[in-house]
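A short worksheet on the structure shown next.
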Amino acid sequence: MKITTEKLQQINAIDRDTHQDQYNFLASALNKKGVDSNEIIKKLSDFQVAIPSWALGAGGTRFGRFSFFGEPSSLTEKIEDVGLIHGLTKSAGAVSLHIPWDIPEDYKAIRELAASLDIKFDAVNSNTFQDQPGANHTYKYGSLCNSDKEVREQAIAHNKEVISIGEQLGSKSITVWLADGASFPGQSNFQRSLQHTEDSLKSIYSVLPDDWKMFIEYKPYEPSFYSTVIQDWGTSFMLANACGEKAYTLVDLGHHLPNTNIEQIVSTLMWKGKLGGFHFNDSKYGDDDLTVGSIKPYALFLIFNELVYGMEHNPQNPELSWMIDASHNLKDPLEDLIQSLEAIISTYAKALLIDQHLLREAQLAHDVVKCQEILQDAYNTDVRPLVKEARSRMGGALNPLFAYRELKIREQLIGERGRNTVATGL
Ligand SMILES: [Mn+2]
């Protein structure tokens, strides 16, 4: 299905007057503080977040998976779903494919479909955390870190193939996340595992096209419960440096132990010019993959503060690759993604409102109270009219979730695809 401009405008008309009043009020209040709302709107409009192809169906837990009706059952349908989200939000202009779940059968047709929906191909993701049917070797005891050379070579060859698939789509980066690790003390030798991983990553890096980046993702535990080879940002940073200038660290919000100061990690990496990718989600306990902003919205704001600071002050750091990496077990995946996008753009808007000049003065004066006031003044601003205005100017929905339900998108998808379709993924 496709969303027609006419239908969307009819739905936007319901809230148009109220929105206009609220936007005028906020723009005027910001103007008095010396903030140009048009500049903020421009930045919000430019902020595009990739949707991973595995997030369009219902996810599961290790106990079970309950399908959501009308799930996309092919890569074409997945890209169409991203097109629906992008059509409403205007902030999901990219898709991140997972190989081998999403190998295109017809590259030209897939490229054309994505282009027609204004969707780019963001990072491609390799998968060495599962064994594929017919594979010669198992990843049960690790992939790039494995003590068996033949296993490592199979995993390296897969990553190289993922790069070549990405090249045919116009992708410019590969994300490597490894499940490699050990669940019991003594199971493996830390130094040998790390050495193998570094050598394997260097081999993958050696075929990376000049205009590509390699993102190395870290995670402290799970699926291994004693040690993970790439456990933290320091290990990822070290490996990225060993590979070369096109290799970067990727921060996934859920891949930290409780209470880790993620904003400080972000800041350090950007200062060193080594933050390449960023995965959004939220968590209460571990890698919970919950809707962005649903548990710790203030923590997200503090992270965005450092991202905004880095984007303005660290030209040594490249443009970041943004992606939502969440799993939807209970909600309609498309509604959940819309909620995540709303949280991301709103929090970005709040971070853009932080008066960095005043903050610096307060920091230099050691006025700790004022520093906190400056941050919380921005955080407590209701930025929703700014976000709505940005979306509306780009031709999106004033209220994407309301429009999604008014348009009866899920009902139409079930009508087209049937109730019992199942998307590939975990
Ligand atoms: Mn991730």
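1243 is the number that my numbering gives to position 217 of the sequence shown; each next residue is one higher, with no gaps. Don't be surprised by glycine CBs; every beta carbon is placed ideally from N, CA and C.
Taking every protein chain shown into account, the CB of S1232 has fewer than 16 other CB atoms within 10 angstroms, so this residue is exposed. Judged by DSSP in its simplified three-state form, L1385 adopts helix. Separation of the CB atoms of F1251 and A1205 is rounded to 12 Å, and the pair is thereby denied contact status at 8 Å. CA-to-CA, the gap between S1079 and A1161 works out to about 23 Å.
DSSP links R1091 through a beta bridge to G1086. Here V1277 carries a strand assignment [DSSP, helix/strand/coil].
Assignment of G1119 by DSSP, reduced to helix, strand and coil, places it in the coil class. The secondary-structure analysis by DSSP pairs I1242 across a beta bridge with V1202, T1275. Ranked by Cα distance from V1318, the options A1369, I1440, S1353 are led by A1369.
Counting along the chain, the unbroken alpha helix (DSSP H) around W1259 starts and ends at 1259–1269. When the alpha-carbon of Y1247 is set against those of G1441, L1283, N1287, the nearest one is in L1283. At the C-beta level, N1343 and L1301 come within 9 Å of one another. Spatial neighbours of D1258 in its own chain (CB-CB distance under 7 Å, excluding positions within 5 residues in sequence) are listed in chain order as Y1244, P1246. Taken through DSSP and simplified to helix, strand or coil, H1339 comes out as helix.
Taking a 10 Å sphere around the C-beta of A1183, we find fewer than 16 other C-beta atoms and assign the residue as exposed.
Under the three-state reduction of DSSP output, I1066 falls in the helix class.
The alpha-carbon of T1030 is positioned some 13 Å away from that of K1434. Summarising the contact set, residues whose Cβ lies nearer than 5 Å to any heavy atom of ligand 1 are, in chain order, D1278, H1305, D1351. Excluding its 5 nearest sequence neighbours in each direction, I1400 has C-beta neighbours in its own chain below 8 Å: I1380, D1381, L1384, L1385, A1388, listed in chain order.
Per DSSP, the continuous beta strand (DSSP E) segment holding I1077 begins and ends at 1076–1078. Judged by DSSP secondary structure, M1296 falls within the alpha helix (DSSP H) whose first and last residues are 1288–1297. Counting along the chain, L1301 sits inside the beta strand (DSSP E) bounded by residues 1301–1306. In this structure, DSSP gives S1347 an extended state, which the three-state scheme calls strand.
Less than 9 Å divides the Cβ of L1367 from the Cβ of I1111. Taking 3 residues as the shortest admissible run, the segment 1184–1228 contains the following complete beta strand (DSSP E) segments, listed from N- to C-terminal end: 1199–1202.
Annotation: the continuous alpha helix (DSSP H) that includes A1369 extends over 1359–1378. Judged by DSSP secondary structure, E1415 falls within the alpha helix (DSSP H) whose first and last residues are 1410–1419. Its chain contains V1292, S1293, M1296, W1297, L1301, N1343 as the residues whose beta carbon lies nearer than 8 Å to that of G1336, once the 5 sequence neighbours on both sides are disregarded; these appear in chain order. A straight line joining the alpha-carbon of A1039 with that of A1053 spans about 21 Å. According to DSSP, H1124 shares a beta bridge with N1151. For G1441, the enclosing alpha helix (DSSP H) begins and ends at 1435–1443. In the three-state reduction of the DSSP assignment, L1110 falls in the helix class, which pools H, G and I. In this structure, DSSP gives L1234 a state outside helix and strand, which the three-state scheme calls coil. Below 8 Å, too few C-beta pairs join the segment 1168–1180 and the segment 1121–1141 to call them touching: fewer than three. The closest CA to that of V1334, considering only Q1036, L1234, K1069, N1050, is found on K1069.
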